[in-house]
Each structure stands twice: as structure tokens, then as C-alpha cells.
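Student: Per this note's numbering, residue 28 is the first one in the sequence shown, and the count goes up by one each step. Encoded as C-alpha cells, here's the structure I'll be asking about.
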Amino acid sequence: AAYFAAHDLLRHPLEADGYVSIGCMPCTDRLRPGDADVRAGRWRGREKTECGIHLPRAEAARRAGLDIAS
28 AAYFAAHDLL RHPLEADGYV SIGCMPCTDR LRPGDADVRA GRWRGREKTE CGIHLPRAEA
88 ARRAGLDIAS
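Structure follows, in C-alpha cells:
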């Protein structure tokens, strides 16, 4: 909070709705009662890794071992 005030930064509008760690849409969820970690809403139910770019069929390509970065 002090950093935001010191640099006159706006808060993200989703923060007021329970999102305290905000990433991309597919990997971000609200905190739930009992969540001890502020990043518990990130990657809920998934491996906690960076998701990369969301492209159509990217998950299927990843599972098939295809390199979709190039």
C-alpha cells in the first residue's frame, strides 16, 4: 500500500472483488476463505508455473510435446 501511495499508482479494480494477485484471465482466481497465501488464487488446480501465451490449442500442443513458441 505504501508503494502505491508513494508513486501515486491506481489499484487494479479486480482487487476490490477479492483478486489480490492478478495475472492472466485463465490463471487468476479470487482468494477463498482459508487461503493463507496471497497468491493462492494464481494457477488454482494447476501446476504453479508461468503459463506463457494463451493460444488456441496451446494446452493440447503442450501435452503432445510440441514447441509452440516458435
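Even glycine gets a Cβ: it sits at the ideal position worked out from N, Cα and C.
(1) According to the Cβ coordinates, are T50 and L58 closer than 7 angstroms?
(2) Rounded to the nearest angstrom, how far is the Cβ of R71 from that of S48, given a contact under 8 angstroms?
(3) Going by the DSSP bridge assignment, what does R69 pair with across the sheet?
(4) What is the rounded straight-line gap between the Cα of F21 and the Cα of D62?
(5) Terminal residues of the continuous alpha helix (DSSP H) containing Y30?
(6) Determine the direct distance from the alpha carbon of T55 to that of E42, and round the result to whole angstroms.
Tutor: If we stick to the structure as given:
(1) The sequence given here has Gly at residue 50, not Thr. Their beta carbons are not under 7 angstroms apart, which means G50 does not touch L58 by this criterion.
(2) The C-beta distance from R71 to S48 rounds to 11 angstroms, too long to fall under 8 angstroms, and the pair is not in contact.
(3) Note: R69 sits in a beta bridge opposite T55.
(4) Past the boundaries of the shown model lies residue 21; the chain is included only from 28 to 97, so the question cannot be answered.
(5) Annotation for Y30: the continuous alpha helix (DSSP H) segment containing it runs 29 to 33.
(6) For E42 and T55, the distance between alpha carbons rounds to 12 angstroms.
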